[in-house]
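For the sequence shown, the positions run 15 to 671 when our numbering is used. Idealized CB from N, CA, C, for every residue including glycine. Here's the structure we're looking at; comments come further down.
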Amino acid sequence: MVRWRNVWMLQLAALMQWGILAVKSDRFIDPEEYQKFPKLFQYDEYEDCRMTYREQYVYCVVRARVRPDDGSELWRNISLFSEDTRHYDHRMVERGICVQNCERFLYAGESHHEGDHSYAELFRACIGQQLKDGYNLQIEPDVQVYYCYNKANETPPLDFLGVIFILVVLVIAVLVIYSTAYDLTLQTAQKFPQNYFSTPHKTSQDNLRTAFSFPRNIRRLRDPLNTEIRQDLSFLESFRFIQMMRVVLLHIVLALAKMPKVNPDATEHILHQPPVMLYVAEFQNYVQTFFSISGMLLTINFLEHTRKNPHFEARYWLDRLRARLYRIVPAYAFILLLEVSITRRFMVGPLAQQMIGESQAQCRKWWWNNLLFVNNYVAPEQPCLLQTWYLSADMQLFLLGITTLTLIWRWPPLKKYLLTAGILWGICCVAIVTYAKNLPPLMSKNLKLYNDYNFGHGYFQLYIPFHMNITVYFAGMWAGFLYYRFREARSSFFKLQLQWTVLWILIVLYFLSLFTGAWVVQNQATLPALFLALYATWFKHAWGLLSTIVQLRTALSIARSRFRTFFSHPIFAVLGKLCYSFYLIHVTVIMQVLGSAKQPIYFSIRGIFDYFLTIWMRTFLYGTLLCLLIELPANVALKELFESKSSKKSPVPTSEK
15 MVRWRNVWML
25 QLAALMQWGI
35 LAVKSDRFID
45 PEEYQKFPKL
55 FQYDEYEDCR
65 MTYREQYVYC
75 VVRARVRPDD
85 GSELWRNISL
95 FSEDTRHYDH
105 RMVERGICVQ
115 NCERFLYAGE
125 SHHEGDHSYA
135 ELFRACIGQQ
145 LKDGYNLQIE
155 PDVQVYYCYN
165 KANETPPLDF
175 LGVIFILVVL
185 VIAVLVIYST
195 AYDLTLQTAQ
205 KFPQNYFSTP
215 HKTSQDNLRT
225 AFSFPRNIRR
235 LRDPLNTEIR
245 QDLSFLESFR
255 FIQMMRVVLL
265 HIVLALAKMP
275 KVNPDATEHI
285 LHQPPVMLYV
295 AEFQNYVQTF
305 FSISGMLLTI
315 NFLEHTRKNP
325 HFEARYWLDR
335 LRARLYRIVP
345 AYAFILLLEV
355 SITRRFMVGP
365 LAQQMIGESQ
375 AQCRKWWWNN
385 LLFVNNYVAP
395 EQPCLLQTWY
405 LSADMQLFLL
415 GITTLTLIWR
425 WPPLKKYLLT
435 AGILWGICCV
445 AIVTYAKNLP
455 PLMSKNLKLY
465 NDYNFGHGYF
475 QLYIPFHMNI
485 TVYFAGMWAG
495 FLYYRFREAR
505 SSFFKLQLQW
515 TVLWILIVLY
525 FLSLFTGAWV
535 VQNQATLPAL
545 FLALYATWFK
555 HAWGLLSTIV
565 QLRTALSIAR
575 SRFRTFFSHP
585 IFAVLGKLCY
595 SFYLIHVTVI
605 MQVLGSAKQP
615 IYFSIRGIFD
625 YFLTIWMRTF
635 LYGTLLCLLI
645 ELPANVALKE
655 LFESKSSKKS
665 PVPTSEK
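Given below as structure tokens:
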């Protein structure tokens, strides 16, 4: 066995070396030629305009397309450079224009224009004159006035939804104050018993009245590891949290691509680097870990429930769905209400509408498809909240998974057929859809789509539908069955030759996908369609399957290795509990931080991490409050209101997040 592992390690090293040598950074345009291009983003000073013209100021964000001129070498260079999807479209320039400055530039201070239509004529004249003087280029007649700010609309008025949001916040505040005071009164009456806040009250009425108790909800963040299963699976919280951190970084990068920049060439140049191509391509792997964990926990919960309840009832299906909705809907609905009501009021500057306006409008139109968990199929190209497609896909996979488990309980011989069919279905779906629709096999950054966070990228057809993510979810379910089978005979599992073989095959396949990803991105235009289809399904599933077997092996490990000890640290149990609220709030925080900028930003790696630290600190604060004030107490209150005593008992003290 050791000999074969050494051989495989040598093969893996050879593949890594080949990947490094095979992929070279593309040649970027000569910097001197690039500097001849018209500035892609150019904004007048917003605060100067606002302070100089005070009540009369008007500041507009405008986009204008450069008119083709084949006789101009500069135009030909611009056109050729803009064809690459890793480059912005330099044929379209974006300007932040102070209307009064534009009028002074053209008409020596006389005001000739009022209304959006005449503003468009004014902007066409200003931008056209600047391009003609500086670059001998002209612009097309149609100018897009994206949004205009003035004294009247810089802070949107408080509408009906804003009033509703404020009332909801006040109600929550009253509930927290009352519930906390009542809980402290009971604690005093009982003479401060030990572990008071971690002990449920004897009556349902008292449990309901203390549901929003702040100290009690703090204690709920740290449930004791009082069963062997909880101890075995405690490391999963750290896996979830680490992937959550990566998701936040991913969405910051996507949002920064949407931001106007003083140095757009830095973004374009970095996308030519093979490590960055690979980093972008691997975005998809983050959620695969979540899907695998969800499938594994769902199965273990189900098996433990059927062990304790031999007379299984179909009502379990409804009970689990209801418990899931109690946990995720209240905080989700609160964030949706925040998005459609007052978020924009906290942002002042020329980028506010660009960062939040479209999202807010789409939330007002499509809020229902979020709460029905179908937004990954219904209008997915118009996302309300960038991250919530995952909640819908996970809900759909949960329903499919629990239905499959019910069928397996009723007809046990179906287990291997149903799980195998689910895994093969996902594999075949990705390959067939990639081939039939000629989709890119990997996610890549298309800067032409920067305004809609790349949701127009063809790869998203492979990314957000739940039926494209079945394979890893069902692999997680299979891991749950294996854990339950071998947890009483752990050494038997590690003696199996098959699990070692599968582990090393998946390690090789995963690292091979890593070190060939950038090469495929660079050469996909010349590669056969069948190869791209097969590569797409390989790359999509390599990490998820490897993550699944790592989870299984860690859960069944006999010795407390340093690996497991570190990832089972109690701090991760708390952070894992907070992850859902972090996930809900982090995009809103990103929009707030970036949308408050007054000028195009300077893009750099250091800048990314500066933004990451700022956004993560706020996400941690706001997410913790969201969890303590809404998610946890609402879950308890809804259970007390609508569930019988028997159904309040969770079958296994683990969470299906």
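Check: For residue 325, is the classification buried or exposed, using 16 other Cβ atoms within 10 angstroms of its Cβ as the cut-off for buried?
Finding: exposed
Check: So who's on the other strand from residue 3, going by DSSP bridges?
Finding: Only positions 15 to 671 of the chain appear in this structure, which leaves residue 3 out of reach.
Check: Under the three-state reduction of DSSP, which class applies to residue 158: helix, strand or coil?
Finding: Three-state result, residue 158: strand.
Margin query: For the alpha helix (DSSP H) containing residue 73, name the first residue and the last one.
Written below: Here residue 73 belongs to no alpha helix (DSSP H); instead the beta strand (DSSP E) covers 72–80.
Next item on the list: State the DSSP-derived secondary structure class of residue 653, mapped to helix, strand or coil.
Entry: helix
Next item on the list: At 4 residues or longer, and completely inside the region 581–621: list those alpha helix (DSSP H) runs for me, N to C.
Entry: If you keep only unbroken alpha helix (DSSP H) runs of at least 4 residues inside the region 581–621, you get 584–609.
Note to self: With distance defined between alpha-carbon atoms, name the residue in 586, 457, 551 and 578 nearest to residue 535.
What the structure shows: It is 457 whose Cα lies nearest to the Cα of residue 535.
Item checked: Beta-carbon proximity list for residue 152, same chain, < 8 Å, skipping 5 on both sides -> Once the five neighbours on either side are set aside, the close Cβ partners of residue 152 are 80, 81, 83, 142, 145 and 146.
Item checked: Nearest to residue 236 (by Cα), restricted to the options 212, 501 and 256 -> 212
Next item on the list: Taking residue 186 as the reference, give the member of 334, 344, 73 and 86 with the closest Cα.
Entry: 344
Checklist line | Straight-line Cα distance separating residue 497 from residue 253 | finding: 18 Å
Next item on the list: Give me the Cα-Cα distance between residue 357 and residue 397, rounded to the nearest whole angstrom.
Entry: 16 Å
Check: Among 342, 525, 365 and 488, which has the Cα closest to the Cα of residue 411?
Finding: 488
Next item on the list: Entirely within the region 326–351 and at least 4 residues each: give me those alpha helix (DSSP H) ranges in chain order.
Entry: none
Note to self: Can you list, in chain order, the residues of its chain with a C-beta nearer than 6 Å to that of residue 440? Leave out the 5 residues immediately preceding and following it.
What the structure shows: 484 and 485
Item checked: Alpha carbon of residue 103 to alpha carbon of residue 387, nearest angstrom -> 35 Å
Check: Leaving out five residues before and five after residue 640 in sequence, what residues of the same chain have Cβ atoms less than 8 Å from its Cβ?
Finding: 345, 348, 349, 595, 598 and 599
Notebook entry, point to check: For residue 163, which residues does DSSP report across the bridge?
Noted result: 73
Check: Can you name, in chain order, every residue of its own chain whose Cβ lies under 8 Å from the Cβ of residue 429, other than the five neighbours on each side?
Finding: 422 and 495
Next item on the list: Identify every residue that forms a DSSP beta bridge with residue 216.
Entry: Under DSSP, residue 216 shares a beta bridge with no residue.
Next item on the list: With a floor of 4 residues, list each alpha helix (DSSP H) that falls wholly inside the region 421–466, ordered by position along the chain.
Entry: 429–451
Next item on the list: Take residue 18 and list the residues in its own chain whose beta-carbon comes closer than 7 Å to its own, dropping the five residues that flank it on each side.
Entry: Any answer about residue 18 is weak, because its pLDDT of 49 lies below 50 and its placement is not dependable; what the coordinates show is given next. Hits under 7 Å: none found.
Item checked: Residue closest to residue 78, alpha-carbon to alpha-carbon, out of 108, 447 and 68 -> 108
Notebook entry, point to check: Roughly how far, in whole angstroms, is the beta-carbon of residue 611 from the beta-carbon of residue 363, given that I think they are within contact range, below 8 Å?
Noted result: 6 Å
Notebook entry, point to check: Which whole-angstrom value describes the C-beta separation of residue 262 and residue 629, a residue pair presumed to lie in contact below a C-beta threshold of 8 Å?
Noted result: 7 Å
Notebook entry, point to check: Just to confirm, are residue 544 and residue 400 a CB contact at a threshold of 9 Å?
Noted result: No. Outside cutoff.
Notebook entry, point to check: So, is residue 446 buried or exposed, given that buried needs 16 or more other C-beta atoms within 10 angstroms?
Noted result: exposed
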